[in-house]
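Notes for the one structure printed next.
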Amino acid sequence: MRFLGFVAVAALVGVWVQDVRSQQRNDVTVRTRKAVKAALDFLAKQQNADGSFGANYQLAASSLAGLAFLGYGSNYNYGPYRVQIQKLVEYILKIQDAEGYFDDGQCRMHGHGYATLFLAMAYGSMPPGKRKQVKKALQKAVRITVRSQSRDGGWYYWPAHSGRGLSDEGSVTVTQVQALRACRDAGIYVPKSVIDRGQRYIKRSTTRSGTRYRIHGGRTTVTLTAAGVAVMNAYGVYDPRTCIQLKWGLDVIKRAMKSCVSRGGAAMDAVRWTWYGNLYLSQASWQAGDEMWRLYYPTTYKRLLSTQGADGSWTRARGGRSYGAVFSTAIAALIFEVPMGYLPLFQRAQEPR
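Here my numbering = 1-based position in the sequence shown + 9.
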C-alpha cells in the first residue's frame with residue numbers, strides 16, 4: 010500500500026477546485042463560513058501569552074486550534090490568524106524536550122501526535138529560517154514516535170523514554186499515524202518498516218464488529234472504528250474493495266449512523282465521545298465518498314449550527330466541558346472545514362463518488 014504524498018503546487022490547485030465543488034454541492038454555505046469564523050475568533054481570544062490556548066489539556070487543544078486556523082486557509086505567513094499560528098509554533102517548539110517529545114505534562118502521546126501533525130501541516134508556509142528550525146524539531150519528534158511504536162505496530166500513552174514499556178491502543182495510534190503521514194508528506198524521513206508494521210497492526214485490530222481497543226482484545230466501539238478507518242486512510246488504504254478490514258470498518262460506521270438518523274437524531278451521535286469521535290468520523294465519512302458523506306454531514310451540519318454558543322464556541326456535548334471549550338470548538342470548526350479541503354488531511358485521495 011502507498012503512504013501517499015502531496016506536491017505543494019498541485020495540492021493548492023486541488024484544494025481550490027475541491028472547495029468550489031463543495032460549494033456547488035452546498036457543503037460549504039454562507040452559514041458554515043460564518044460559524045467557522047465565529048469559532049476561530051473565539052479560539053483566537055483564548056490564546057495565552059505563551060502561545061498556548063485555554064487551560065485544559067493545553068498541548069492537544071492548542072494543536073487542534075492551530076489545525077482549525079490552517080483549515081480555514083490561514084497559514085504561517087498569510088491570513089487573519091497567522092499571528093496566532095506563529096505564536097503557537099513558538100509554544101510547541103519551546104516545550105519539546107531533549108529527546109524530541111512534545112510534553113505539556115498533561116496530554117502524553119496524544120498531545121505529541123497532535124503537535125507533530127500541526128507543525129507538519131504548517132511547515133510548508135514558513136520562511137526558510139523558521140522552516141530549518143521546525144524541520145529539526147519534526148525530525149526529533151518522528152524519532153520519538155518511531156522509537157515508541159510497539160512490537161505489534163501501534164502506540165500507547167507514553168513515549169519510549171518514559172521507562173514504562175511499549176504497548177498500544179487505538180485512540181493513541183491514530184494520532185501518531187496521521188502525524189507520521191503529515192511529516193512524510195512534508196519531506197521528513199519516516200522508515201518504511203514503521204509504516205509496514207503499522208499497516209499490519211490496524212488490519213489485525215479490525216474485525217467485522219469494528220476496530221478493537223487493543224490488538225489482542227478489548228472492546229470495539231464506533232469511535233475506535235472511525236479512528237481505525239482514519240489510520241487505514243493515512244496509510245494510503247482507501248478502497249474497501251481491496252481491503253476487507255476497511256470494508257468492515259465502514260460497514261460498522263454506516264450502520265451506526267443510519268441507526269441514529271432513523272431515530273431522528275444526528276449521524277454524529279453514532280460515537281460516544283462527541284468531539285474526539287467526530288474528529289475521525291467526519292474524516293472517515295468524507296474519504297469514503299459522497300454516499301457516506303451525505304449520510305454523515307446534513308444532520309451533523311444542522312446539529313452543530315444549532316448548538317453553537319453566542320460567543321462562537323461549542324461546549325454542550327459530552328466531552329466538551331471536561332476537555333474545555335478550546336478542544337470542542339476547534340474540532341467543531343474542523344468538521345465544518347473538512348469539505349473546504351484546505352488541509353491536506355481533508356483532501357480526498359480520489360474523485361468523489
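Note that CB positions come from ideal geometry on N, CA and C, so glycine has one too.
Simplified DSSP assignment, three categories, for residue i
| i | result |
| --- | --- |
| T220 | strand |
| T309 | helix |
| T38 | coil |
| T232 | helix |
| L215 | The sequence as given places Thr at residue 215; Leu does not occur at that position. Correct three-state label for T215: strand. |
| S202 | helix |
| V257 | In the sequence as displayed, the identity of residue 257 is Trp instead of Val. Looking at W257 - three-state DSSP - the assignment turns out to be helix. |
| G133 | coil |
| V270 | helix |
| I94 | helix |
| S157 | coil |
| V246 | coil |
| L352 | coil |
| Q32 | Bear in mind that the predicted position of Q32 carries a pLDDT of just 41, short of 50, making it too unreliable to give a figure here. |
| I197 | coil |
| C192 | helix |
| R373 | Since the displayed the chain opens at 10 and closes at 362, residue 373 lies outside it and no answer follows. |
| G138 | helix |
| T324 | coil |
| G162 | coil |
| G333 | coil |
| A265 | helix |
| A146 | helix |
| A358 | coil |
| T251 | coil |
Euclidean distance between Cα positions of residue i and residue j
| i | j | result |
| --- | --- | --- |
| G258 | A58 | 42 Å |
| T234 | T184 | 14 Å |
| W295 | D248 | 13 Å |
| R362 | L76 | With a pLDDT of only 33 at R362, under 50, the local geometry of the prediction cannot be trusted, and no value is derived from it. |
| G227 | S214 | 10 Å |
| P353 | M130 | 8 Å |
| F293 | P307 | Position check: residue 293 holds Ala in this sequence, whereas Phe was assumed. If you take the alpha carbons of A293 and P307, they lie about 15 Å apart. |
| A44 | Y110 | 34 Å |
| D278 | L313 | 12 Å |
| P348 | Q187 | 18 Å |
| D113 | S271 | 42 Å |
| S180 | G88 | 32 Å |
| M118 | A69 | 9 Å |
| K46 | S176 | 40 Å |
| G318 | A334 | 10 Å |
| A64 | L73 | 14 Å |
| S31 | L52 | Interpretation of S31 is limited by its pLDDT of 47, a score under 50 that renders its predicted location unreliable; no figure is taken from the coordinates. |
| I197 | G274 | 43 Å |
| S83 | Y90 | 6 Å |
| F127 | Q67 | 14 Å |
| I104 | K267 | 43 Å |
| Q93 | D106 | 23 Å |
| D161 | P200 | 16 Å |
| T338 | T283 | 12 Å |
| I153 | Y100 | 19 Å |
| G219 | D36 | 28 Å |
Residues that DSSP places opposite residue i in a beta bridge
| i | result |
| --- | --- |
| F111 | Q105 |
| Q317 | Note: Q317 sits in no beta bridge, so no partner. |
| G226 | R223 |
| T338 | Answer is none; T338 lacks a bridge partner. |
> In chain order, which continuous runs of the alpha helix (DSSP H) of length 4 or greater are located wholly inside the region 43-87?
Replying inline: 67-80
>> Pairs of beta-carbons, one from the region 342-354 and one from the region 285-293, closer than 8 Å: are there three or more?
In response: yes
>> Extract the residue ranges of the beta strand (DSSP E) inside the region 272-309, only unbroken runs of 3 or more that lie entirely within it.
In response: none
> Which ranges would you report for the alpha helix (DSSP H) in the region 164-188 if only whole runs of at least 4 residues count?
Replying inline: none
> Is the region 198-217 touching the region 134-142 in the sense that three or more CB pairs, one from each, lie closer than 8 Å?
Replying inline: no
>> Check whether the region 147-160 and the region 98-110 touch, using three or more Cβ-Cβ pairs below 8 Å as the test.
In response: yes
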